[in-house]
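What follows is one structure encoded as structure tokens, with my remarks underneath.
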Amino acid sequence: MVNYHQTAQCLLLTWILLSFSLDAKAADIFSSQHGVRLTAAKQDAIRCPLLPSLPSGLSVPLPPTPEEERDWRTNAPHPDVRKIVEGMGKYAGMILIPAGHFDMGSPEGQGRVDERPVRKIFVKDFYIAKYETTCQEFCDFLNNKGASSARDGSLRIKLDHPDCPIHKCGKLYKPKDGQENKPVVYVSWYGAQEYAAWAGGRLPTSTEWEKAALFTSRYPMPDNLAMPVETESADVQDALPGRKGVAGMLGNVWEWCADWYPQDHQYEPPAENPEGPATGAEKVIRGGSWASTDASKRIQNIHRAYPGGYYKTVGFRIVKD
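For the sequence shown, the positions run -26 to -1, 1 to 295 when mature numbering (1 follows the signal peptide of the UniProt record, and there is no 0) is used.
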């Protein structure tokens, strides 16, 4: 059983030792307490005249092991650490985002005009997919629906584009080599929406997407960025997981949302469960991609794309009620 208060104290003191160093007396105390004899050179290296000597009775804890630090960051009783709730049954592979209020948007003077102002919004609970929808998952959908359905594969995904990660082999749709676990791209908003319905879910609203991204980030700067790849998206399972286990919400591929983009920036969302404007010409995409600038890889950033278009940098993930 990890003593989180002791571990937290240890982390703080370790930081002090590494950041500011100790004077010779403190080095001697550390040596006598832990049986580690520091060489004269090391004592000189850590000597710092700006810090007072440690009191003779102070016990300096040993630095935590990587396992102890990881456990502390994940499970310590800290108000900014939340327990992961993974879905089961029809929610398998998903993470629960509980109901509640959150601050949506960017403050005045920050971000783009369509991000402002900050609004207090209530969102009901929902489950969000841990990963973006993969090429293999989208192929399963295409093969299940069949070419005789209302929308054949060519309308759901741009199969004739040379960079499309899916192709048709005989009667079956298959990922190209090495693309099985990459996020599916060149999918229109309509194709993403149809897949989501087939999988028993839907596309997230822009508000749900932002709440999930904020809720799943461990630190003030987002830590659920996708792994940096310069020329293409990463496998969805290679993306860095956030505190709640949702991976790659920033910087792998843009993600389709259900909302129409507010063209005139005059849309005033309701205080509960907003779903965006009733009409529009473009749909919201969120999260940035591997090809985006750092300014686009922000949780609050809102962008848009034509719903009937096919893009190398736009994919999606689904949510369920």
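No residue lacks a Cβ here, since even glycine has one placed at the ideal position from N, Cα and C.
Host beta strand (DSSP E) of residue i (start-end)
i: L116; result: Here L116 belongs to no beta strand (DSSP E); instead the alpha helix (DSSP H) covers C109 to K119.
i: V97; result: R93 to V97
i: P149; result: L146 to P149
i: I131; result: Note, I131: premise wrong, no beta strand (DSSP E); not H, not E.
Nearest-angstrom Cα separation, counted from residue j out to residue i
i: D99; j: W230; result: 20 Å
i: P139; j: G262; result: 19 Å
i: G283; j: V161; result: 8 Å
i: R291; j: C109; result: 12 Å
i: V92; j: N117; result: 44 Å
i: T107; j: Q84; result: 31 Å
i: P53; j: A187; result: Because the pLDDT at P53 is just 38, under 50, the model does not fix this residue reliably, and the point stays unresolved.
i: residue 296; j: I259; result: No answer is possible for residue 296: it lies beyond the span of the chain, which begins at -26 and ends at 295.
i: P72; j: K148; result: 36 Å
i: G225; j: S266; result: 7 Å
i: Y241; j: H75; result: 20 Å
i: A232; j: C143; result: 31 Å
i: K64; j: L177; result: 16 Å
i: E82; j: A208; result: 34 Å
i: Q153; j: D114; result: 14 Å
i: A279; j: D77; result: 25 Å
i: Q274; j: S80; result: 7 Å
i: K185; j: K286; result: 26 Å
i: V220; j: L70; result: 10 Å
i: V97; j: K145; result: 43 Å
i: V210; j: Q167; result: 19 Å
Helix, strand or coil at residue i according to DSSP, with G and I counted as helix
i: P233; result: Position check: residue 233 holds Asp in this sequence, whereas Pro was assumed. Three-state DSSP puts D233 in a strand.
i: W172; result: helix
i: Y65; result: helix
i: A245; result: coil
i: L224; result: strand
i: D77; result: strand
i: G283; result: coil
i: V87; result: helix
i: V161; result: strand
i: Q240; result: coil
Element boundaries [alpha helix (DSSP H), containing residue i]
i: L188; result: S180 to F189
Supposed contact pair residue j and residue i - C-beta distance, whole angstroms, cut 8 Å
i: P281; j: W163; result: 4 Å
i: I276; j: S180; result: 7 Å
i: V159; j: V227; result: 6 Å
i: K132; j: W172; result: With a Cβ gap of about 19 Å, K132 and W172 do not count as contacting.
Identity of the residues DSSP links to residue i by a beta bridge
i: H277; result: I259
i: E60; result: I69
i: A103; result: M68
i: C138; result: Beta-bridge pairing links C138 to no other residue.
i: G219; result: Its beta-bridge partners do not exist; DSSP assigns none.
i: V288; result: W228
i: V210; result: DSSP lists no partner for V210.
i: K294; result: Y101
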